[in-house]
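Enquirer: Handing you this structure, nothing more for now.
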Amino acid sequence: HSGECKKDEL
Amino acid sequence: MNIFRLFGDLSHLAAIIILLLKIWKSRSCAGISGKSQILFAIVFTTRYLDLLTSFISLYNTSMKMIYIGCSYATVYLIYAKFRATYDGNHDSFRVEFLIVPVGGLAVLINHDFSLLEILWTFSIYLESVAILPQLFMISKTGEAETITTHYLFCQGLYRALYLINWIWRFYFEGFFDMIAIVAGVVQTILYCDFFYLYVTKVLKGKKLSLPA
Numbered sequence: 453h454s455g456e457c458k459k460d461e462l
Numbered sequence: 004m005n006i007f008r009l010f011g012d013l014s015h016l017a018a019i020i021i022l023l024l025k026i027w028k029s030r031s032c033a034g035i036s037g038k039s040q041i042l043f044a045i046v047f048t049t050r051y052l053d054l055l056t057s058f059i060s061l062y063n064t065s066m067k068m069i070y071i072g073c074s075y076a077t078v079y080l081i082y083a084k085f086r087a088t089y090d091g092n093h094d095s096f097r098v099e100f101l102i103v104p105v106g107g108l109a110v111l112i113n114h115d116f117s118l119l120e121i122l123w124t125f126s127i128y129l130e131s132v133a134i135l136p137q138l139f140m141i142s143k144t145g146e147a148e149t150i151t152t153h154y155l156f157c158q159g160l161y162r163a164l165y166l167i168n169w170i171w172r173f174y175f176e177g178f179f180d181m182i183a184i185v186a187g188v189v190q191t192i193l194y195c196d197f198f199y200l201y202v203t204k205v206l207k208g209k210k211l212s213l214p215a
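Heads up: the protein sequence lines correspond to chains W and C, in order.
Residue numbers for the first sequence follow my numbering, beginning at 453 and rising by one.
Residue numbers for the second sequence follow my numbering, beginning at 4 and rising by one.
Encoded structure:
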């Protein structure tokens, strides 16, 4: 789920 | 970070710089779709709002600032400074036909129904079609300056490299974001026609001119 996966991409 | 994502970001940065320098040095935005550049400015603005909320790395923050700064500078050059050279007649793509469906889709299909997440999703969907006004304009004028084709090649290559980056991250990190991947595939497919023309014509030193 997107909660924990940080948005680390540009 | 992996080599594909790094080169993807560098290709994207190159595209943004090439376009900005082309307009600035030639003092003309002939053949450039101002509408696509507005869409890219919207893409960066809605995607990088997290600049205000979270810090990931100096690289991440500085690249986001550069992207936002250059995209607004490009829009400014097109619609203000070199407005006289803007070819509005050929830049006639109806962007509302992009923004409304993309906005609706972002509200319906997202990872999390929060404002930041919906704006991020909107940005991802919008970016996949943001180049359409530019490709449409080239099909209407029937040609493109060589420097513009290099800009488009770097712009298309960036997301293609990101696709490989996502394969890499899925295999090595088990990370994948279906929304970004599907939009990235659509985005890259839209460039295929241009990639073919670029490789068969521009790389052979010819001018890119579409069969009228």
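Idealized CB from N, CA, C, for every residue including glycine.
(1) Using a beta-carbon distance below 8 Å, is M66(C) in contact with chain W?
(2) So what does DSSP say about L462(W), is it helix, strand or coil?
(3) Are the C-beta atoms of I45(C) and some chain W residue less than 8 Å apart?
(4) Using a Cβ cut-off of 8 Å (strictly closer), state whether N63(C) contacts chain W.
(5) Which term fits G455(W), buried or exposed, when burial requires 16 or more other beta carbons within 10 angstroms of its beta carbon?
(6) Three-state secondary structure (DSSP) at T212(C)?
(7) From the DSSP output, in three-state form, read off A147(C) for me.
(8) For S36(C), count neighbouring Cβ atoms within 10 angstroms of its own Cβ and tell me buried if that reaches 16, exposed if not.
(9) Kindly confirm or deny that the segment 154-169 of chain C and the segment 11-22 of chain C touch, where touching means at least three C-beta pairs closer than 8 Å.
(10) Work out the CA separation of N113(C) and T77(C) for me, nearest whole Å.
Expert: On the basis of the supplied data:
(1) Interface residue, yes.
(2) Residue state for L462(W) is assigned as coil, using DSSP reduced to three classes.
(3) So, not an interface residue.
(4) Output row for N63(C): interface = yes.
(5) Confidence at G455(W) is low in this model, with a pLDDT of 46, below 50, so its placement is unreliable and the value that follows should be read with caution. With fewer than 16 Cβ atoms within 10 Å of its Cβ, G455(W) is classed as exposed.
(6) Checking the sequence, you will find Ser at residue 212(C) rather than Thr. In this structure, S212(C) counts as strand in the three-state DSSP scheme.
(7) Three-state result, A147(C): strand.
(8) Of the residues assessed, S36(C) falls on the buried side of the cut-off, its CB having 16 or more other CB atoms within 10 angstroms.
(9) Result yes; three or more Cβ-Cβ pairs closer than 8 Å.
(10) The alpha-carbon of T77(C) is positioned some 30 Å away from that of N113(C).
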